[in-house]
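Chains A and B, in that order, give the protein sequences. Counting in the working numbering, the first sequence runs from 339 upward without gaps. Counting in the working numbering, the second sequence runs from -6 upward without gaps. Beneath this line is the structure, given in structure tokens, with notes to follow.
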Amino acid sequence: MYQALYGLIKKEFIQVFRDKNMLRLIFLLPIIQLLLFGYVVNFDVKNLDLDVYDFDHSSQSRELIQTTSANNYFKPNDEVIALKNLENNFKNSSSDMAIIIPNDFSEKLMNKDKPTISLITDGSNANSTSIGIGYMLQIMQLYTQNYYNIKPKGEIRFDVLYNPEAESVYFMVPGIVATLLTMITVMLTAMAIVREKEVGTLEQLLVTPIKGWVLLLGKIIPFALLGLLEIIIALTFGVLWFKVPFVGSSVLLFSLSGLYLITPLGIGLFFSNITSTQQQAMFFAWFFSVFAILTSGFFTPITNMPIWMQYITYLNPMRYFMEIVRAIMMKGAGLQDLTFQVVILTIYGISVFGLSALRFSKRIS
Amino acid sequence: MRKVKFIAIKEFYHILRDPKSLVIAIAMPIMMTFLYGYAITLDINNITVAVIDYDKTLESKELVDAVYESTYFSRPDTEPSEHDPEALLRSSQATAILYIRPGFSEALLNNRHFELGMTIDGSDNNLSAAVLNFSKAVLNLYLLDHLPNGIEIPKIEIAVQNLYNPDLTSSHFFVPGLVGIILMMISALLTSITIAREKETGTMEQLLTAPVSTRQILLGKIIPYIMLGLLDGFLVLAVAKILFDIPFVGSQLLLLAFGLIYIAAALALGILISAISKTQQVAMMLALTVTLLPPMMLSGFIFSIKNMPIPLQIFSNIIPAKFFITIIRGITLKGAGVEILAAQGLYLIILMAVLMFIASKKFSTRIA
Chain A
339 MYQALYGLIK
349 KEFIQVFRDK
359 NMLRLIFLLP
369 IIQLLLFGYV
379 VNFDVKNLDL
389 DVYDFDHSSQ
399 SRELIQTTSA
409 NNYFKPNDEV
419 IALKNLENNF
429 KNSSSDMAII
439 IPNDFSEKLM
449 NKDKPTISLI
459 TDGSNANSTS
469 IGIGYMLQIM
479 QLYTQNYYNI
489 KPKGEIRFDV
499 LYNPEAESVY
509 FMVPGIVATL
519 LTMITVMLTA
529 MAIVREKEVG
539 TLEQLLVTPI
549 KGWVLLLGKI
559 IPFALLGLLE
569 IIIALTFGVL
579 WFKVPFVGSS
589 VLLFSLSGLY
599 LITPLGIGLF
609 FSNITSTQQQ
619 AMFFAWFFSV
629 FAILTSGFFT
639 PITNMPIWMQ
649 YITYLNPMRY
659 FMEIVRAIMM
669 KGAGLQDLTF
679 QVVILTIYGI
689 SVFGLSALRF
699 SKRIS
Chain B
-6 MRKVKFIAIK
4 EFYHILRDPK
14 SLVIAIAMPI
24 MMTFLYGYAI
34 TLDINNITVA
44 VIDYDKTLES
54 KELVDAVYES
64 TYFSRPDTEP
74 SEHDPEALLR
84 SSQATAILYI
94 RPGFSEALLN
104 NRHFELGMTI
114 DGSDNNLSAA
124 VLNFSKAVLN
134 LYLLDHLPNG
144 IEIPKIEIAV
154 QNLYNPDLTS
164 SHFFVPGLVG
174 IILMMISALL
184 TSITIAREKE
194 TGTMEQLLTA
204 PVSTRQILLG
214 KIIPYIMLGL
224 LDGFLVLAVA
234 KILFDIPFVG
244 SQLLLLAFGL
254 IYIAAALALG
264 ILISAISKTQ
274 QVAMMLALTV
284 TLLPPMMLSG
294 FIFSIKNMPI
304 PLQIFSNIIP
314 AKFFITIIRG
324 ITLKGAGVEI
334 LAAQGLYLII
344 LMAVLMFIAS
354 KKFSTRIA
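In structure tokens:
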């Protein structure tokens, strides 16, 4: 029996890696993901392109413009076109905001007479626009404080725990681990089983004296192993290249990854039950992955979502695994801190995998 | 031309015979629009912050009120405990804790320097950066309201006018861009897999021995997917209009024209992928790696390109989605015309032509 299982696993690996491109992809996928997420994910709003229309031409207005480039918030551009064409720079996205300083700015400033400036924004990027307006308010405050020479007396001393360098890659790596594990296992499991149906080799396997559950194990173990291999590649690369700190226990992380894996494997199995071509299987797997990734808190915190959407996220097993990976890697959480997530994932694993396996063995016998 | 039609019809039957795939090819864009519109909001509001007030004076209470009156911060469900307030951070019930130390009001009233303390859960660096900025802003406003007697600062007023999206709704930014992501995904992925399937199941040889040229096979294969892609594009725009009330100011015809160019580029990528992969599994993995992540990450769809490292900024120029997303945002939200989008349009056409050339070359040498 073990021999049969071993044979099946070996066959599966040969099939997966028959195309050399697959081998490259297995190694490249986590690395490309890490590089992209590590270098690209950056919600900082900086270097906003600011068209400057200065009608005052005073030393005060020039100083104000200078202040806007503080902290790299804005990149002021004062070689601008005629005011009536202001919108053109928004329409081809070469500018984010335009500031108009009226010709009475310096005069009013000197007379302590509340000067007004106009800020016209390309509001289509809602997020960066609202943050940019906030920056502008800060800059005006800073400028007036400097101009009238009044220094604020109070300050806040910040003490940032867990990720004091505020590196987004530290936050992203745990997310990538969870994403990769989910996508690889669901997709490859679903497609591998359906492939046998599509090409017609499932019947051949069924007439061999291999038991149903051995066949099942032989089909899913290779992809569980591949999923774990992806995690190892992602973590190694993350730790070596991006110097991501790993505070908690790696043994705990791997054991809980093993626990979590049961659910996506079960889902992959379920998809293979209800589909008959690889294309369908891939589509279902993909549909699920998109849902799982977007509602897992990978990109944006779940607390930012509308309340009803927050309830939907509880249906997503990946959400709990994401919390587990982040807590272990970043906060050094132990098993006792993660009881809730572990219990939920166990329930998910048993029910999803159990039901799919039952249906699978019913169908093939 | 008639032969192309037959292959296209055969491919159509393939699609129609498989209603499950078709349903997903249609449901997927709708679900993605839905999720991106609702689940992905970058507006950071109502961050849970606990305040521990050791000063307990009128001034400190006013500061506490100022913290919670801002839309940035909200109260945690549980009050922090006296001896271990940071437990709230470990259990993620609060993102930050603000400490108002004894002597705060005395210092404030006597115009002496004072310090507040704040402990932040930094694991989500975006959230912690927001807390840092917001709390500084709240304190600054508070201080301006509590200036020592006799000092007055005239504020500079800012008259803000937000064009195109006056309420600053996130979905107006994401949803049009999503058309670019979905078109790339559907077109590239489907074509790559359909050709790989013919190879894997052995029907490719049958096609090749038939009296049609590879060019005709290619054309016949992609026509159905151009239509499917267009259908998906319309669906996303319809959902955008109905659910998220996204304006469509510009010319629909112009968008259609650019849409077709973009789909052609995506299909070329799909053909290229199928030419170099032997099985559907590999085609799918390759398509995922090439057509899902880079368009999402490097196109300005979510993350602004100008904040990326220079090598990636340069690399982003070979991603067709980057130009298409600028174009579709320009047309739908801002009503940009062809004269304004000329540079982006030209880039897109060049990329499409190059991709088409490489794909048809690779396809004929690999397949035939």
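No residue lacks a Cβ here, since even glycine has one placed at the ideal position from N, Cα and C. Model, not experiment: these values are computed from the prediction.
Below the 8 Å Cβ cutoff, chain A contributes G492, E493, I494, R495 as neighbours of E108/B, in chain order.
Here G687/A is near I600/A, since their CB atoms are less than 8 Å apart.
Excluding sequence positions up to five before and after I342/B, its CB lies within less than 8 Å of the CB of I254, all in the same chain and listed in chain order.
If you draw a 10 Å sphere on the C-beta of H165/B, you find 16 or more other C-beta atoms in it, and that means buried. Per the coordinates, the alpha-carbon of E193/B lies some 33 Å from the alpha-carbon of L291/B. Look at I151/B here: in three-state DSSP terms it is strand. The beta carbon of V229/B sits no closer than 8 Å to any beta carbon of chain A.
For R94/B, the secondary structure class from DSSP, reduced to helix, strand or coil, is coil.
From the beta-carbon of Y411/A, no residue of chain B is found nearer than 9 Å; the closest lies around 11 Å away. For G576/A, none of the residues of chain B pass the 9 Å Cβ criterion, the least Cβ distance being about 15 Å.
The Cβ-Cβ distance between L372/A and V511/A falls below 8 Å. Our two residues, F509/A and F678/A, have alpha carbons roughly 22 Å apart in a direct line. Residue state for V379/A is assigned as coil, using DSSP reduced to three classes. Listed along chain A is no residue with a C-beta nearer than 8 Å to that of P95/B; the closest approach is about 15 Å.
In the structure shown, Y391/A falls within a strand segment according to DSSP collapsed to helix, strand and coil. Out of F227/B, N119/B, I186/B, the CA that lies nearest to the CA of S506/A is found in N119/B.
In the DSSP assignment, V498/A is bridged to I113/B. Taking 9 Å as the Cβ-Cβ cut-off, the region 602 to 620 of chain A approaches chain B at I612, T613, S614, T615, Q616, Q617, Q618, M620, given in chain order. At a beta-carbon threshold of 7 Å, the residues of chain A lying near I37/B are N642, ordered along the chain. At a cut-off of 8 Å between C-beta atoms, G252/B does not count as an interface residue with respect to chain A. Comparing C-alpha distances from N426/A to each of D389/A, N449/A, E445/A, I438/A shows the shortest one belongs to D389/A. About 17 Å separates the Cβ atoms of K429/A and L386/A, ruling out a contact at the 8 Å cut-off. One alpha carbon belongs to D160/B, the other to P240/B, and they sit about 13 Å apart. Note that the region 241 to 261 of chain B does not touch the region 275 to 283 of chain B; fewer than 3 beta-carbon pairs, one per stretch, sit closer than 8 Å. Rounded to whole angstroms, the gap between the alpha carbons of M197/B and A268/B is 12 Å.
By the neighbour-count criterion, in which 16 or more other beta carbons inside 10 Å mark a residue as buried, Y481/A falls on the buried side.
In the structure shown, T325/B falls within a helical segment according to DSSP collapsed to helix, strand and coil. Excluding five sequence positions before and after S180/B, the CB atoms of its chain that fall closer than 7 Å to its own CB belong to Y218, G222, I256, A259, L260, G263, given in chain order.
Distance from the CA atom of G606/A to the CA atom of Q617/A, rounded to whole angstroms, is 13 Å. Among the residues facing chain A, L156/B is included, as its CB has a counterpart in that chain under 8 Å away. The Cβ atoms of F636/A and T517/A lie closer than 8 Å to each other. Nearest neighbour of S67/B by Cα position, chosen from S53/B, L9/B, N38/B, Y47/B, turns out to be N38/B. A346/B is the residue among A346/B, L281/B, P204/B, G323/B whose C-alpha sits nearest the C-alpha of I311/B. Beta-bridge analysis with DSSP links S67/B to T41/B. Collapsing the DSSP output to three states places P583/A in coil. Not a single CB atom of chain B sits nearer than 8 Å to the CB of S397/A.
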